[in-house]
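Using the working numbering, read the sequence shown as starting at -1 and increasing by one per residue. A virtual CB, placed ideally from N, CA and C, is assigned to each residue, including glycine.
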Amino acid sequence: MPPKVISFNDSYVPDIVRLDAAWRAEMGDAFSHQDWTEDHFRLDLPGKQKLSRLALDENGRLVGFWSASIRRRTAHTHRVAVDPSWRRSGLGRLMFESFREAALSAGCEDMTISLTFANDAARRFYEALGYRLMFGVDLEKFVAATGRPGRVEHDRVLEEGRAYVIMRRSLGREEP
Ligand SMILES: CC(C)(COP(=O)(O)OP(=O)(O)OC[C@H]1O[C@@H](n2cnc3c(N)ncnc32)[C@H](O)[C@@H]1OP(=O)(O)O)[C@@H](O)C(=O)NCCC(=O)NCCS
């Protein structure tokens, strides 16, 4: 039976942290430059409850999460992970569709995600979902709006010894 996708619920935070930490242990800095604790996932950000998603298997076990919030009219994804035993089964896409519907209902105009430059698999995942790399002036404007110190080089941002990319997808209904 395919997992069930539900709205974010604080009671799953310890399970979210475990799943997140398992990927960080496997991928290291290619996943993120930072370990995320319960405090990160409990942070009360605008639109977070509306947009974030959890996936539960038939026994009620957490097998995926999609953590996001709203910045101006952009649905920004913070962190996504699927339990390794469910990898490549369509679960990431299933959570995305639910997240996208929520972002549309919340009046968002587009969706963004920041990925480490080394996370090729995730980049291909987001490409399959219709996201595209930002570059040039658009990327410079995005970084400036975050107030972060990163320097843009074509399609990547260099910040304090690490490199990351930003991918964006419009929420226009005309896009696949
Ligand atoms: C990235 C991740 C969330 C994808 O979840 P998933 O459930 O495995 O993805 P799906 O099965 O829904 O894949 C949808 C499409 O994305 C693409 N895709 C997904 N994983 C891919 C990979 N490893 N390599 C290439 N393409 C990939 C494919 O086009 C796939 O469609 P297909 O299987 O029909 O070819 C999952 O691999 C994961 O948890 N990775 C570790 C954490 C991470 O890097 N998160 C993203 C950064 S926050």
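Can you list the alpha helix (DSSP H) stretches of 4 or more residues lying completely in the stretch 28 to 59, in chain order? 36 to 40 and 46 to 49
task = Look up Glu151 in the DSSP assignment and say whether it is helix, strand or coil.
result = As a working mapping, residue 151 is identified with position 153 in the sequence shown. Strand at Glu151.
Would you list, in sequence order, the uninterrupted alpha helix (DSSP H) runs of no fewer than 4 residues that lie entirely inside the stretch 79 to 121? 89 to 103
Q. Start and end of the alpha helix (DSSP H) containing Met25?
A. By one-based count along the sequence shown, residue 25 stands at place 27. Where Met25 is concerned, the enclosing alpha helix (DSSP H) stretches over Val11 to Met25.
Kindly examine ligand 2 and report whether one of its heavy atoms sits closer than 6 angstroms to the Cβ of Ala119. With respect to small molecules bound, the structure shown includes ligand 1 and not ligand 2.
Practice prompt. For Val155, verify whether its CB is less than 6 angstroms away from any heavy atom of ligand 1.
Written response: For this step, residue 155 is matched to residue 157 along the sequence shown. No; taking the cut-off as 6 angstroms, the Cβ of Val155 has no heavy atom of ligand 1 nearer than that.
| request: Give the secondary structure of Tyr129 by DSSP, where H, G and I count as helix, E and B as strand, and everything else as coil. | output: What you label residue 129 is simply residue 131 of the sequence shown in a count that begins at 1. Residue state, collapsed to three classes: coil.
Between the beta-carbon of Leu43 and the beta-carbon of Ser67, is there less than 7 angstroms? Against the sequence shown, residue 43 aligns to sequence position 45. Against the sequence shown, residue 67 aligns to sequence position 69. The answer is yes: Cβ separation under 7 angstroms.
Subject >> Cβ neighbour criterion (16 or more within 10 Å) applied to His152 >> reply: On the sequence shown, position 154 is the one that residue 152 refers to. Result: exposed.
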